[in-house]
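Colleague:
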Amino acid sequence: MSARMSLKSDVLVIGGGIAGCATALQLARRGWKVTLLERDQAGVRASGVNFGGVRQNGRDLRELPIAMRARAMWDELPSLIGFDGEFRATGNLRLVSDEDRAVQLDNFFTAATKQGLGLVWLERAELRARYPWLSGKPLRGVLCPNDGHANPRLVGPAFAFAAQESGATIIEHAEITEGWYANATFQLRALDNRTFAAPVLVNCAGAWAGKIAGWFDEPVTLVPEIPQVQVTEPLPYRIEPVLGFVGGDFYLRQTLRGNILFGSGQGRATADALRSQPLPESMKRGAQIAIDFIPDLAHVPIIRTWTGVDGDTSDGVCVVGPSETHPGLFHAFGFNGHGFLLGPAVGAVVTELILDGGTSTDISGLAIDRFRPRRKASAAPARAQHPDEETEASAEENGAQSTDHCPVGVDQHKQAADSQDAAERDQDR
Ligand SMILES: Cc1cc2nc3c(=O)[nH]c(=O)nc-3n(C[C@H](O)[C@H](O)[C@H](O)COP(=O)(O)OP(=O)(O)OC[C@H]3O[C@@H](n4cnc5c(N)ncnc54)[C@H](O)[C@@H]3O)c2cc1C
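Take 287 as the starting number for the sequence shown in our numbering and just add one per residue.
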């Protein structure tokens with residue numbers, strides 16, 4: 287992709303994952319001059335290395351409206367990115383293996399059905415009849431027949447190419463290190479000193495987006511989530527639905543070529559979250575869980591493992607919507623390890639917010655204000671100058687927030703994992 291510099295864009299997007307590229311694609315299609323800035327290569331971070339689950343099943347209800355819109359868009363992928371991304375609606379089966387968790391499954395079934403999500407309730411005997419490869423462990427399950435899976439290695443970069451073909455300028459190897467707001471314009475500076483400006487800015491910087499939100503006085507603490515995926519050698523195709531477990535950190539699917547992909551546990555990341563790797567102990571645990579649920583997997587060789595990094599919010603739900611502090615600033619981040627499905631709709635919704643001033647999709651539960659730190663009554667208004675020119679008042683305000691900057695690294699992840707909230711949260715994909 288060409289590395290052109292554009293000083294006069296209508297919109298700047300930071301982050302070339304599926305969220306940023308889908309946004310750039312929709313904006314460009316509506317004739318806006320959009321420049322997307324990506325630190326590495328577009329589509330190679332979480333969006334290109336994930337597990338490939340396209341799942342509405344088990345979503346937090348605040349995310350369900352955007353998830354349902356996104357799912358409909360996966361059927362239209364050929365008209366968006368030129369091919370189907372290997373998306374197949376094979377279903378998503380959410381299982382429960384203890385009575386305490388069964389309440390959660392039941393609650394989701396009732397509430398999501400009310401919102402119009404098509405689900406099928408399956409008791410143990412029906413599970414055994416439909417899925418003879420499953421052990422007797424699961425007590426019951428909920429199947430979402432129109433969920434499925436796709437190939438992230440193809441889909442991630444494809445959104446970038448489609449955006450570029452529609453007229454967006456994608457600038458790779460441009461790490462944005464500084465951002466500020468002056469004269470109704472967002473100003474960004476890259477590591478190599480290039481600068482970019484536009485009246486509208488979209489923050490789609492994945493696991494690193496909390497820090498960027500902080501440049502504009504609304505920091506959000508994101509804890510790195512480092513899912514680890516293992517893949518077996520190919521087996522005859524039998525396992526249609528993607529499997530997930532209520533309250534359990536385990537998920538599994540079979541590709542159409544036959545390989546079984548499954549994930550469990552967290553890998554390890556460097557402090558800047560730019561590099562990550564699987565941890566052998568938790569991979570071993572994941573393999574044991576796979577065998578517990580699908581006994582035929584015993585002795586099947588694992589041929590590859592990998593990890594990637596996403597950003598977790600403290601309540602497990604993403605941020606999609608306008609800034610609270612700066613007109614023209616929009617956020618879409620904090621996807622908690624399940625933003626691949628959402629990507630296409632994130633682009634459509636953010637574009638509607640920018641161009642139409644609103645969206646028909648209910649995103650009321652995704653607003654950034656739920657993370658707003660308590661401010662002093664006398665807090666200064668939003669910063670409107672380069673940080674080098676800070677006044678005493680704004681320096682004091684920034685100082686008060688500096689402890690809330692995006693923490694990265696495995697220690698911080700452990701802190702979050704230790705919290706009750708994180709322990710109770712599903713790690714489904
Ligand atoms: C191993 C794994 C498995 C997963 N499985 C699933 C799944 O099965 N289903 C599902 O729905 N989701 C899954 N996810 C989550 C999903 O991949 C992410 O939620 C989604 O891809 C997030 O998209 P994004 O565009 O926000 O982030 P990313 O794809 O991470 O893109 C953000 C981009 O911003 C760039 N960036 C950051 N800071 C800067 C800066 N300062 N300057 C310039 N560029 C910057 C980064 O380089 C990156 O390319 C998984 C994630 C992982 C890691």
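Each residue gets a CB set at the ideal place from its N, CA and C atoms; glycine is no exception.
DSSP state of I304, grouped into three classes?
Modeller: Helix.
Colleague: Does any residue of chain C bring its CB to less than 7 Å from the CB of L508?
Modeller: No chain C appears in this structure, which consists of one protein chain only.
Colleague: What residue range does the alpha helix (DSSP H) around T399 cover?
Modeller: From DSSP, the alpha helix (DSSP H) with T399 extends over E385 to K400.
Colleague: Which term fits E511, buried or exposed, when burial requires 16 or more other beta carbons within 10 angstroms of its beta carbon?
Modeller: Answer is buried; the Cβ neighbour count reaches 16.
Colleague: Would you mind giving the Cβ-Cβ distance between L429 and G344, rounded to the nearest angstrom? I have them listed as a contact below 8 Å.
Modeller: In fact, because the Cβ distance is near 11 Å, the residues do not count as touching under 8 Å.
Colleague: The alpha helix (DSSP H) spanning D642 covers which residue range?
Modeller: Run containing D642: G629 to D642, per the alpha helix (DSSP H) assignment.
Colleague: Only counting the same chain, and skipping five residues up and downstream in sequence, which positions put a Cβ closer than 7 Å to that of F395?
Modeller: Excluding positions up to five away in sequence, the list reads L405, W407 and V428.
Colleague: Can you tell me which residues form a DSSP beta bridge with Q540?
Modeller: For Q540, which the question treats as bridged, DSSP gives the partners I546.
Colleague: Does the separation of the CB atoms of A493 and D596 fall below 7 Å?
Modeller: The answer is yes: Cβ separation under 7 Å.
Colleague: For ligand 1, is there any heavy atom lying closer than 6 Å to the beta carbon of F626?
Modeller: F626: yes, Cβ under 6 Å from ligand 1.
Colleague: Name the residue from L615, V603 and L403 whose alpha carbon lies nearest to the alpha carbon of S650.
Modeller: The residue with the shortest Cα to Cα distance from S650 is V603.
Colleague: Helix, strand or coil: which one does DSSP assign to S421?
Modeller: S421: coil per DSSP, three-state reduction.
Colleague: Identify, in the order they occur along the chain, each residue of the same chain with its Cβ nearer than 6 Å to the Cβ of A444, setting aside the five sequence neighbours on each side.
Modeller: The residues are I367.
Colleague: Taking 8 Å as the limit between beta carbons, can you name the residues of its chain near L542, skipping five residues before and five after?
Modeller: Same-chain partners within the cutoff: E372, R374 and Y523.
Colleague: For P577, name the three-state secondary structure that DSSP assigns.
Modeller: Strictly speaking, residue 577 in this sequence is Ile, with Pro absent from that position. Residue state, collapsed to three classes: helix.
Colleague: Comparing C-alpha positions only, which one of F447, D346, V382 and G453 sits nearest to S295?
Modeller: Closest by alpha carbon: G453.
Colleague: Counting C-beta neighbours from all protein chains within 10 Å, is the total for G643 16 or more, i.e. buried, or is it exposed?
Modeller: G643 comes out exposed.
Colleague: In chain order, which continuous runs of the alpha helix (DSSP H) of length 4 or greater are located wholly inside the stretch 466-545?
Modeller: The stretch 466-545 contains these whole alpha helix (DSSP H) runs: 495-501.
Colleague: Please go through the same chain and pick out, in chain order, the residues whose beta-carbon is closer than 7 Å to the beta-carbon of A653, but skip the five residues on each side of it.
Modeller: Around A653: G607.
Colleague: On a Cα-Cα basis, can you pick out the residue from R658, L311, G629 and P613 that is closest to T471?
Modeller: Closest option to T471, Cα to Cα, is P613.
Colleague: Determine the extent of the alpha helix (DSSP H) in which P351 is found, giving its start and end residues.
Modeller: Run containing P351: L350 to W360, per the alpha helix (DSSP H) assignment.
Colleague: State the DSSP-derived secondary structure class of L313, mapped to helix, strand or coil.
Modeller: Residue state, collapsed to three classes: helix.
Colleague: Can we count G651 as close to ligand 1, meaning its CB is less than 6 Å from some heavy atom?
Modeller: Result no, Cβ not under 6 Å from ligand 1.
Colleague: E683 to A499, Cα distance in whole Å?
Modeller: A caution first: E683 carries a pLDDT of 30, below 50, which makes its placement in the model unreliable, though a value can still be read off. C-alpha separation (whole angstroms): 15 Å.
Colleague: With a threshold of 6 Å on Cβ separation, who are the neighbours of S421 within its own chain once the five nearest residues in sequence on each side are excluded?
Modeller: Closer than 6 Å at Cβ, skipping near neighbours: F579 and P581.
Colleague: In whole angstroms, what is the alpha-carbon distance linking S646 and H435?
Modeller: Taking the straight line joining both Cα atoms gives about 26 Å.
Colleague: Can you check which of these residues, P659, G549 and R658, is closest to V335 by C-alpha distance?
Modeller: For the residues P659, G549 and R658, the minimum Cα distance to V335 belongs to G549.
Colleague: What is the DSSP secondary structure of F373, reduced to helix, strand or coil?
Modeller: F373 falls in the coil class under three-state DSSP.
Colleague: Tell me whether the beta-carbon of I546 lies closer than 7 Å to the beta-carbon of T591.
Modeller: Not a contact, by the Cβ cut-off of 7 Å.
Colleague: Take the Cβ of E451 as the centre, count every other Cβ of all protein chains shown within 10 Å, and call the residue buried at 16 or more, exposed below.
Modeller: Burial call: exposed.
Colleague: Quick one: what's got a C-beta closer than 8 Å to G496's C-beta in the same chain, skipping five residues either side?
Modeller: If we look at G496 and ignore the five residues flanking it on each side, its Cβ neighbours are P505, V506, T507, L508, G597, F619, G620, H691 and C692.
Colleague: Mark L477 as exposed unless 16 or more other C-beta atoms lie within 10 angstroms of its C-beta, in which case mark it buried.
Modeller: With fewer than 16 other Cβ atoms within 10 Å, it is exposed.
Colleague: Look at the alpha carbon of G317 and the alpha carbon of C307, and state the distance between them as a whole number of angstroms.
Modeller: Cα to Cα, the separation comes out at about 15 Å.
Colleague: Pick helix, strand or coil for E683, following the three-state DSSP scheme.
Modeller: Confidence is the limiting factor: at E683 the pLDDT is only 30, short of 50, which leaves the residue's position unreliable, though a coordinate-based value still follows. Of the three classes helix, strand and coil, the one that applies to E683 here is helix, per DSSP.
Colleague: In terms of DSSP beta bridges, what is V406 paired with?
Modeller: Paired residue(s): L429.
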